[in-house]
Amino acid sequence: MNNNYIVLVITVAVIAGFVVFIIQDTSSIDVQPYRETLAMYMVEKAIADYDDNGKIAFMKFDQNYIYHNDEEYVFVIEKGTFRIVAHGINPEYIGTLSSDLIDSDGTNIGELIDKNATPEGTWVHYKFLDPKTEKIEPKSSWITLHDGYIFGVGVYSP
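Positions in the sequence shown are counted from 1; adding 4 to them yields our numbering.
Next comes the structure, spelled out in structure tokens:
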């Protein structure tokens, strides 16, 4: 299937979701599927930018609105070393080890991500600080292994 067609379908789905979100009472709408679609699109876009620009793309991830949206943001971890090389909302994480991140249930977030990352992409689940609520919340991250790096975007559960 043509990549442009896939991107178009995802974009239309996201736009349709936001239109529904805007015109209806938000208390009765489950926006989680749209946020998950957005997370997958953001990872795809980040990988494409990396393919076009190399490691310099990592610097864009905290400067460009395409790579962070409300609570969703791109992060990149070097496979095997656990080193965070990009973090769209907290640049203080860059250079630190994701294996040092332990959630409130004792889950080693870095090991979870490193162990489960695939080229096809997959979801992983853990708890993390939500920058919007400033509370530890359940989080699901779409992660994709590409060229020795794990690209991810997380979605906090409502």
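C-beta: ideal position from N, C-alpha, C; glycine also.
If you reduce the DSSP assignment to three classes, tell me which class residue i lands in.
| i | result |
| --- | --- |
| D75 | First, the amino acid is wrong: residue 75 is Glu here, not Asp. Correct three-state label for E75: coil. |
| S161 | coil |
| I147 | strand |
| I98 | coil |
| K83 | coil |
| K139 | strand |
| D134 | strand |
| I106 | strand |
| A121 | coil |
| I93 | coil |
| F62 | helix |
| Q36 | helix |
Going by the beta-carbon positions, is the gap between residue i and residue j smaller than 7 Å?
| i | j | result |
| --- | --- | --- |
| L101 | F86 | yes |
| E75 | K131 | no |
| R39 | V159 | yes |
| V128 | I147 | yes |
| Y54 | A43 | no |
| E82 | V89 | yes |
| N120 | T126 | yes |
| G92 | V80 | no |
Is it buried or exposed for residue i, if we count other Cβ within 10 angstroms and need 16 for buried?
| i | result |
| --- | --- |
| I154 | buried |
| S161 | exposed |
| M46 | buried |
| G114 | buried |
| D118 | buried |
| E48 | buried |
| S108 | exposed |
Is residue i close to the ligand NAP? I mean its beta-carbon at under 6 Å from any heavy atom of the ligand.
| i | result |
| --- | --- |
| D134 | Absence of the ligand NAP from the depicted structure is noted, as is the absence of any ligand whatsoever, leaving it without description. |
Among all the DSSP beta bridges, which residues are the ones paired with residue i?
| i | result |
| --- | --- |
| T126 | I147 |
| G156 | F79 and I147 |
| I88 | I81 |
| N112 | I106 |
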